[in-house]
Each structure stands twice: as structure tokens, then as C-alpha cells.
Ligand SMILES: Cc1cc2nc3c(=O)[nH]c(=O)nc-3n(C[C@H](O)[C@H](O)[C@H](O)COP(=O)(O)O)c2cc1C
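Residue numbers (the working numbering): 36 to 399.
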């Protein structure tokens with residue numbers, strides 16, 4: 036029953052949607068990494084629901100750093116961040132506690148935990164737990180920024196509407212990191228929001244695809260086989276509730292391509308750096324970074340909680356039933372999930388980088 040991940044730096048997540056708090060412990064961080072509380076707050080703000088496309092559950096996310104930080108710097112001992120839950124409304128779940136909400140983990144959690152799981156609001160399987168991941172991830176994102184490694188994610192597609200792709204990575208990443216609804220083309224963003232609202236008005240939900248880019252990574256990072264850069268990032272990103280697929284570079288889009296189209300030819304640029312002319316492989320060859328932007332896409336499914344009546348079962352009494360999910364839910368979670376993807380990507384890269392260069396890499 037593992038809630039920990041990582042080799043050189045290990046993150047453990049804990050908490051339930053309607054319990055006292057959610058939180059994370061990061062162990063193995065170097066001492067002397069600056070911890071910027073206002074950056075943690077702003078990252079949590081990007082995950083928080085807002086406006087008409089967000090759930091009515093509005094948590095303030097007032098986090099507490101319980102250990103591992105002294106005088107604004109990491110100490111090198113386990114860093115524990117906790118975020119109290121203050122806006123849980125558990126009564127919404129009492130009448131449906133034995134019903135398996137379709138697309139949710141109620142039935143599977145009951146099978147695994149034999150009925151002892153906290154079912155309220157999805158318990159440990161709730162998107163609420165990702166607040167802890169974002170708070171912890173903010174510490175790592177800022178540490179990577181000091182090393183000139185920058186991460187940005189945009190909503191590549193939502194409800195059938197496409198954004199433009201990455202252009203000039205640096206300015207695009209900076210722009211995305213200050214946006215609430217992260218799109219590169221503002222017109223596409225307006226259309227996506229309108230479509231989400233229209234789908235919500237029908238009592239339904241939608242999903243889409245996120246595209247993430249990382250720049251500034253050195254070549255040579257990744258541990259073949261099983262801890263390849265692709266494997267580690269996939270493991271973490273697919274652990275995010277609601278994410279169902281991932282591809283690096285152009286992957287599935289190029290399933291019908293020829294080798295001559297998918298191969299990325301190498302060349303030496305004017306600064307003497309080895310680069311590839313194209314980046315269909317998403318900056319990774321043989322599971323190891325090649326120094327090009329690391330690019331991947333992850334698929335976020337339509338939010339499972341919808342107010343329409345659906346078929347389901349009472350898994351305690353083994354009876355067919357119908358369910359209409361009450362409670363407060365997002366008609367789309369994609370715009371909130373992107374900062375979770377950034378956070379776990381940062382974590383994976385920090386883990387691989389410190390495995391390669393040693394723990395103190397992040398504070399030197
Ligand atoms: C930031 C975030 C917020 C989420 N909010 C909701 C929500 O309001 N309603 C909902 O039904 N699912 C929400 N989810 C998704 C569910 O937690 C997830 O689909 C469910 O636990 C089943 O897991 P699976 O989709 O990975 O199989 C959210 C996910 C994330 C990452």
C-alpha cells in the first residue's frame with residue numbers, strides 16, 4: 036500500500052478529501068535550497084478552482100511547513116507540508132457511500148481496503164490530495180529554476196478545441212506559468228471555456244490533453260531501463276487522478292510515419308552544441324535526455340462526477356442501482372491538473388538529476 040515515490044528524493048503523500056488535512060513529505064532534499072512561501076502560495080492558486088469552470092468547493096489552501104525548513108532554507112531533513120481541509124461537506128456522500136460512482140475509485144478502493152477506506156469525497160483518491168503534491172512541487176520547481184531548468188504546461192486540447200503548439204519555448208513557458216487557464220492562443224482559451232460551460236449546463240463534463248515542455252535539461256539524464264526519463268515521468272504523471280494516457284514527443288501521432296520522418300537528425304549548432312533538427316522523440320533517446328526540450332502530452336479524462344443519472348451498483352448489497360452524483364465538482368479538471376503535472380515532472384527530474392549528480396546538485 037505504497038504512497039511514496041522516488042529513488043534519490045522520495046515523496047510521500049497523505050490525507051483524504053474530507054479528513055483533517057492533506058500533505059506531503061519529501062525526503063532526500065539537499066540542505067540549503069531556498070523555500071519561497073509566496074511561490075508555494077501562487078502555485079496552489081493555479082490548482083485552486085476558480086470562476087464558472089471550477090467546483091464550488093473553495094479551499095483556502097493555507098499550508099503549514101511542519102519540518103525540514105529553517106530560516107527560509109531546507110535543512111536536508113524530511114520536509115513535511117500540510118494543508119488543512121476547511122471546506123469539506125461530507126453530508127453529500129452519506130447517502131451514496133455504498134454506491135460506486137462510475138469513473139471513480141469507490142468500488143476499487145472498497146475491494147482493496149475491505150470497507151475501511153474513508154469514502155467521503157473520494158477519500159485518498161480525491162483530486163484534493165494533489166494540493167499537497169503542488170505545494171511540495173513548488174519547492175522543487177524553484178530549485179530547478181535556479182539551475183535554469185524550466186517547466187511549462189498548456190492545455191493542448193480541451194472539449195475538442197485545440198491550442199497552438201509551443202513556439203519559442205522560453206517566452207511561452209514564462210507566459211503559461213502566470214496564467215490561470217494555461218493556453219498559448221487566447222482565442223482558443225475563450226472557446227474552450229465557453230464549451231466547458233455549455234457542457235456543464237447539460238449536466239456533463241469534459242477532458243482533454245495537456246502538453247508539457249521542459250527546457251534547460253542537460254543531456255545524459257535517465258537510468259535505463261526501468262528508470263528511464265520516460266518511465267519515471269510516466270509513472271508519476273499516470274498516478275495523477277484522472278490522467279489516463281501519456282506520449283513523449285509526437286509518439287502516437289507518428290504511428291504511421293516512416294523512419295525518415297520520425298528520426299531527428301543531429302547537427303552541431305553555431306555555439307558548438309549538439310542538437311537535433313526536429314524533436315519528434317521529445318528530447319529523449321534510449322530513455323536518456325538528449326538536451327533538446329523534453330516534451331510530452333498527457334490525457335486528462337472527462338471529470339467522472341456528472342449530475343446526470345447513471346447506472347451503477349450498490350457494492351455492499353450487490354444490487355443494481357441508479358446514481359445522480361451530488362456534491363461540488365468541476366465540469367473539467369484539465370486546467371487545474373496542469374500544475375500538478377508540472378509539480379510531478381519537476382519532482383521526477385530532480386530525482387533523476389540528483390541520482391546522476393548527487394544530492395547537493397540542487398543547492399550548488
Ligand atoms: C486537480 C484535480 C481535481 C479533481 N477534481 C475532481 C472533481 O471535482 N470531481 C471528480 O469527479 N473528479 C475530480 N478529479 C478526478 C478524480 O479524482 C479521478 O478521476 C478519480 O479519482 C478516479 O481516478 P482515475 O480517473 O485516475 O481512474 C480531480 C482530479 C484532479 C487532478
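The C-beta atom is built at its ideal place from N, Cα and C for all residues, glycine as well. As the structure is a prediction and not an experimental result, all values here were calculated from the model.
Notebook entry, point to check: Taking the continuous beta strand (DSSP E) assigned at residue 216, which residues delimit it?
Noted result: Counting along the chain, residue 216 falls outside any beta strand (DSSP E), and DSSP gives it neither H nor E.
Check: In chain order, what residues of the same chain lie with their CB nearer than 7 Å to the CB of residue 302, ignoring the 5 residues before and after it?
Finding: 310, 312
Next item on the list: Please work out which residues of its chain come closer than 6 Å, Cβ to Cβ, to residue 204, disregarding the five sequence neighbours upstream and downstream, and give them in chain order.
Entry: 248, 250, 328
Item checked: residue 300 versus residue 264 - alpha carbon distance -> 21 Å
Margin query: With distance defined between alpha-carbon atoms, name the residue in 176, 224, 94 nearest to residue 195.
Written below: 224
Notebook entry, point to check: residue 58 by DSSP, collapsed to three states: which one?
Noted result: strand
Check: Alpha carbon to alpha carbon, what distance is there between residue 94 and residue 117?
Finding: 13 Å
Check: Counting pairs of Cβ atoms below 8 Å between the segment 332–351 and the segment 128–138, do you hit three or more?
Finding: yes
Notebook entry, point to check: Rounded C-beta distance between residue 48 and residue 59? I'm assuming under 8 Å.
Noted result: 5 Å
Note to self: For residue 323, which residues in the same chain have their Cβ closer than 8 Å to its Cβ, ignoring the five residues on either side in sequence?
What the structure shows: 254, 255, 256, 257, 259, 263, 264
Margin query: Just to check my reading of the structure: residue 445 and residue 133 have Cβ atoms closer than 8 Å, yes? What is that Cβ distance to the nearest angstrom?
Written below: Outside the shown range of the chain, which is 36 to 399, sits residue 445, and nothing can be said about it.
Check: Using CA coordinates, which residue listed in 349, 381, 209, 197 is at the minimum distance from residue 268?
Finding: 381
Check: Is residue 119 helix, strand or coil by DSSP?
Finding: strand
Note to self: Using a Cβ distance threshold of 8 Å, determine whether the segment 202–220 contacts the segment 366–379, with at least three qualifying pairs required.
What the structure shows: yes
Margin query: Taking the straight line between their C-alpha atoms, what separation do you get for residue 211 and residue 105?
Written below: 31 Å
Next item on the list: Tell me whether residue 164 counts as near ligand 1, meaning its Cβ is closer than 6 Å to at least one heavy atom of that ligand.
Entry: no
Margin query: Quick check on residue 51: buried or exposed, where buried means 16 or more other Cβ atoms within 10 Å of its Cβ?
Written below: buried
Item checked: Spatial neighbours of residue 167 in its chain, beta-carbon cut-off 7 Å, leaving aside the 5 residues before and after -> 48, 50, 57, 58, 59, 116, 118
Note to self: One question on the structure: do residue 234 and residue 84 come within less than 7 Å of each other, judged by their Cβ atoms?
What the structure shows: no
Note to self: Counting beta carbon pairs with one atom in the segment 376–392 and one in the segment 168–187, are three or more of them shorter than 8 Å?
What the structure shows: yes
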